[in-house]
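Numbering-wise (this note's numbering), the sequence shown opens with residue 17 and increments by one.
Glycine included, each C-beta is placed from N, C-alpha and C at the ideal position.
Structure, as structure tokens:
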Amino acid sequence: MASAIVFPVDASDEVIESQSPNRWCFGRLKNGHHDYNAADIFAPTGTRILSPVAGTITRAKDDSSGVGSRVQIRDDTGRLWYLAHMDNSPGLQVVKGQRVSPGALIGVVGTSAHARGTQPHLHIDMLPSSSGSGERPSCSGPTCQEYPFENIQPLLVEAYTGRADEQPLPPLGNGSVIARDNGDGTYLEAILGGGHAFTLSGQDKIDLGLGYARVIDAAEFNSFITGPIADGSVFAKNVGGAWTEAVMGGGHAFLLSAEDKIVLGLGAATGIPVSHFDWLIKGPIADGSVFAKNVGGAWTEAVMGGGHAFLLSAEDKIVLGLGAATGIPVSHFDWLIKGPIADGSVFAKNVGGAWSEAILAGNRAFELAPEDNALLGLGRATGIPVQHFDWLAANTIAERTVVARRNPDDTYLEAYIVDGRAVLLTQEDKVRLGLGVATVIPTTSFNSLLP
């Protein structure tokens, strides 16, 4: 490999990586932009451009036509370096015939000539010494493939990653725009919020006013895509210039008013695409999520189970081993307190360290033996306060609730509730009566409901 060079754009890592991922691909060892071996390094107008090598200026032209202001350097090994699109003001800082050292100031980033209208950048390419002692051929795009331009990407990457003044990048957090190199010249971009990455389209970036992404390792990117969303994260969507905000809790987004944010002490929102925001609004609420409301400075907490919120005391939280609550608006909290409880939900109570479980059907909890969980294919129970558990266990089962028992031959016997008793059903009966799906309960509980 040819000798090392100085990175030619005098900008911080943060600037380079926020401006360039879809253009100069600093994480790749092959060119990903041009039709031939060349690179475009994007940075703000006025950023200093440095000589990558020691050599002699063989051409230095301030120009508003063609490729714009440009410089050619014949380095001390005979290679011909070409740097173009530099800004016309203040203009080039070198002249033809001048000797330059690595890192010498040549000019500044711009968009001169046919680069006008693009994002400011430096174009750089190199012909090896074996190509002769003449000037760079006048070519662009695919026509440059006729000439032996050298792949300088490894040299640029080495120079970039080895800079003595390299500073650590700021940590990724809410609002960070990241990208993954797909390996085929395309990139997938996303915005971080609550520890999760929400994928972005070009239109999403415009709607949210986002800048260029930072390319990160594919494994890290994928971990953000699949990662959970932190409770208490505040998100916003922009529809026609109108912003709507919501707070996350248990995988669900609860809409917020400006007053709600003040009452709950919430911070700034992270803008995410409308499609993701709306999906979170419609998402289910995870069992075991703990929520809180603030009324006049007094906080009330509850734990979610089966779509319903069960009020908690401080002692309940200790007994159930529950964590911190997520504050949500009063209207949402009260709605969850009054909401129905889904059939098939499995609950547990803790009395002196001994846990008892039950499955819900028709607003009544039927206690479960350890073997029932495996037999009925039930999932993990949600711990709720003893008083709520006992209240559900003492309830009268709702009329028209459909229940079933699993028989020893793996068939199921179904029934529905009439006047508190179970009436056996055929599939034809279910269709005729317009009944829904059955909740499978322990055999002893099912039999106790029969006349």
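In chain order, what residues of the same chain have a beta carbon less than 6 Å from the beta carbon of S105, not counting five sequence neighbours either side? none
Nearest-angstrom Cα separation, counted from K333 out to G265: 17 Å
In the DSSP assignment, find the unbroken alpha helix (DSSP H) run with A234 in it and report its ends. A234 to T242
Is the beta carbon of P118 closer than 9 Å to that of V193? no
Return helix, strand or coil for F165, following the three-state DSSP convention. coil
Between which residues of its own chain and E33 is the CB-CB distance below 6 Å, once the five residues before and five after are set aside? R230
Between G343 and L327, what straight-line distance do the alpha-carbon atoms span, to the nearest angstrom? 14 Å
Kindly indicate which residue of G452, I73, K365 and Y428 has the alpha-carbon position closest to the one of R86. I73
With H, G and I counted as helix, E and B as strand and the rest as coil, what does DSSP make of N310? strand
Keeping to the same chain, check which residues put their C-beta closer than 6 Å to that of G517; ignore five residues upstream and five downstream. Outside the shown range of the chain, which is 17 to 467, sits residue 517, and nothing can be said about it.
In the structure shown, what three-state DSSP assignment does G450 receive? coil
Nearest to F270 by alpha carbon, out of P144, A262 and D276? A262
Mapping DSSP to helix, strand and coil, what is N389? helix
Bounding residues of the beta strand (DSSP E) (the contiguous stretch that carries K77): G71 to K77
Local conformation of G218 per DSSP, three classes: helix
Going straight from the alpha carbon of S461 to that of G450, what length do you get? 24 Å
Check for me: the alpha helix (DSSP H) holding F349 runs from which residue to which? V346 to K354
Through-space distance from R196 to V202, alpha-carbon basis: The question names Val, but residue 202 in the sequence shown is Thr. Each residue's Cα considered, the two are about 9 Å apart.
Is there contact between the stretch 307 to 324 and the stretch 353 to 365, where contact requires at least three CB pairs shorter than 8 Å? yes
Tell me the DSSP secondary structure of S34 in three-state form. helix
Using the Cα positions of D425 and I457, report the straight-line distance between them to the nearest angstrom. 16 Å
In whole angstroms, what separates the C-alpha of L440 from that of A414? 16 Å
Pull up the DSSP beta-bridge partners for F326, would you. V319
From V335 to Q219, what distance separates their C-alpha atoms? 49 Å
With H, G and I counted as helix, E and B as strand and the rest as coil, what does DSSP make of Q403? helix
Taking the alpha helix (DSSP H) that I278 falls in, what are its first and last residues? A274 to L280
Between V250 and the rest of its own chain, which residues show a CB-CB distance below 8 Å, the 5 nearest in sequence each way excluded? E261, A262, V263, M264, L272, K277, L282, G283, A284, A285 and T286
Ignore the nearest five residues each way along the sequence and tell me which others in K365's own chain have a CB closer than 6 Å to its CB. S372, V402 and F405
Give me the DSSP bridge partner(s) of A431. V419 and L440
Among all the DSSP beta bridges, which residues are the ones paired with Y176? The partner list for Y176 (beta bridge, DSSP) is empty, contrary to what the question assumes.
Closer than 6 Å by C-beta to Q15: which residues in its own chain qualify, once you throw out the five before and the five after it? Chain order, please. Past the boundaries of the shown model lies residue 15; the chain is included only from 17 to 467, so the question cannot be answered.
According to DSSP, what are the bridge partners of E10? This structure leaves residue 10 out entirely; the chain is present only between 17 and 467.
Hey, how far is the Cα of A100 from the Cα of L172? 16 Å
Quickly, what does DSSP pair L188 with across the bridge? List them, please. BP columns for L188 are empty, so no partner.
In or out: L466 buried (at least 16 other Cβ within 10 Å) or exposed? exposed
In the DSSP assignment, the beta strand (DSSP E) including D197 goes from what residue to what residue? V193 to D197
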